[in-house]
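For what it's worth, the numbering used here labels the leading residue of the sequence shown as -15, then goes sequentially.
Each residue gets a CB set at the ideal place from its N, CA and C atoms; glycine is no exception.
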Amino acid sequence: MDMKIIFATKNQSKIREIREIMEEEGLNINLVSMEEAGYTFDTPETGATFEENAVIKARAVCVASGCIALADDSGFEVDFLNKNPGVDSANYMGRETPYLVRNNHILDLMKNVPTDSRTARFVCVIAAALPPNGEEVLLTRATIEGLVADKVFGENGFGYDPIFYFPEKGKTTAEMTMEEKNAVSHRGKALRLMCKKLMEVLRTNHESKLK
-15 MDMKIIFATK NQSKIREIRE IMEEEGLNIN LVSMEEAGYT FDTPETGATF
35 EENAVIKARA VCVASGCIAL ADDSGFEVDF LNKNPGVDSA NYMGRETPYL
85 VRNNHILDLM KNVPTDSRTA RFVCVIAAAL PPNGEEVLLT RATIEGLVAD
135 KVFGENGFGY DPIFYFPEKG KTTAEMTMEE KNAVSHRGKA LRLMCKKLME
185 VLRTNHESKL K
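See below:
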């Protein structure tokens, strides 16, 4: 297997977050984004679940590159809104709609909703598609539980972070430092689980070459 791993995203904020976590977990490999690896195609997210979408994206990059490919599918679930935006979080109100507009729309829908009914979570599923053809797939899933805030707070992070209040820290994830967020985030949890799985795959592959 190629020791280079391609993460199926063009989001450089996400790539920075992922590299930091991988380094913390001791997975010292060459992680690159799709663009850094020379791939610019978009893969339609046609799955009905986070798992299906993550696998679709990872497998497409693995097949194209011959490398281990990682992909995540993440979403923001608001219980009061029947778990919407959910799987459609990236396309909620249209893919080109600024997140400030989307966040304010959700806040309007949640106006006057009491605290105990404002429960929400971020969900992240990470898929790793393994060479040569991406048929072998590893999956991890994690969540971070919290509440919908009553207004936008913070300028860090991205997406729905400014309206996701995390009670244990007393702030939204957009008010957290990168270190704070990585320690508790859905993506951080799922990625740490994936790092353990990948290290086992790489260890097994290395041992098989020595035989």
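In the structure shown, LEU11 adopts coil according to DSSP, grouped into three states. For ASN87, the three-state secondary structure derived from DSSP is helix. Three or more Cβ pairs drawn from the stretch 125 to 134 and the stretch 93 to 111 lie within less than 8 Å of each other, which places the two stretches in contact.
Residue pairing by DSSP puts ALA112 in a beta bridge opposite LEU54 and LEU122.
Within the same chain, ASN87, VAL136, PHE137, GLY138, THR156 and ALA158 come within 7 Å of PRO146 by CB-CB distance, once the 5 residues on both sides are set aside. For PRO69, same chain residues with a beta-carbon under 6 Å away, outside a window of 5 residues either side, are PHE60 and TYR76 in chain order. Taking a C-beta distance under 8 Å as the contact criterion, MET94 and ARG105 do not qualify as a contact pair. Cβ atoms of LEU175 and ILE2 come within 8 Å of each other, at about 6 Å. Closest in alpha carbon position to PRO28, among GLY22, GLU164, LYS153 and VAL45, is VAL45.
For ILE40, the enclosing alpha helix (DSSP H) begins and ends at 34 to 49. Looking at SER58, ASN166 and VAL62, the one whose alpha-carbon comes closest to that of GLY130 is VAL62.
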